[in-house]
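The opening residue of the sequence shown carries number 243 in my numbering; numbering runs sequentially from there.
All C-beta atoms, glycine included, are put in the ideal place defined by N, C-alpha and C.
Below: one structure, written as structure tokens.
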Amino acid sequence: MAVTAAKSVMAFRVMTMAVDLCRLTTRTMNVNAGHERTSKARIIHQIQLIRGITIDRKKGFAEAIKNAVMLPTY
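See the structure below:
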């Protein structure tokens, strides 16, 4: 039950951030021009963290791709 609730909360957070990103992109959100780029980057980064696809810069791109596409080993 707790897992289902956590998934619902995460889905709601992603949806809210996606709406904010859309509003920033279409310029319907009231923000200063300087904060617009930072806000977009922050929202995209948060969504990536939730989805688990943010690249660890210490490991590098190839390692991150390998971990993201881990095939089952038999």
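Rounded straight-line distance, which links the Cα of residue j to that of residue i
| i | j | result |
| --- | --- | --- |
| Met-252 | Ala-260 | 12 Å |
| Arg-279 | Thr-246 | 33 Å |
| Pro-314 | Gln-288 | For Pro-314, the predicted model reports a pLDDT of 48, less than 50, meaning its position is unreliable; a value from the coordinates is still stated below. Going from the Cα of Pro-314 to the Cα of Gln-288 covers about 28 Å. |
| Leu-263 | Leu-291 | 15 Å |
| Arg-265 | Met-257 | 12 Å |
| Ala-283 | Thr-267 | 11 Å |
Simplified DSSP state of residue i, which is helix, strand or coil
| i | result |
| --- | --- |
| Arg-269 | coil |
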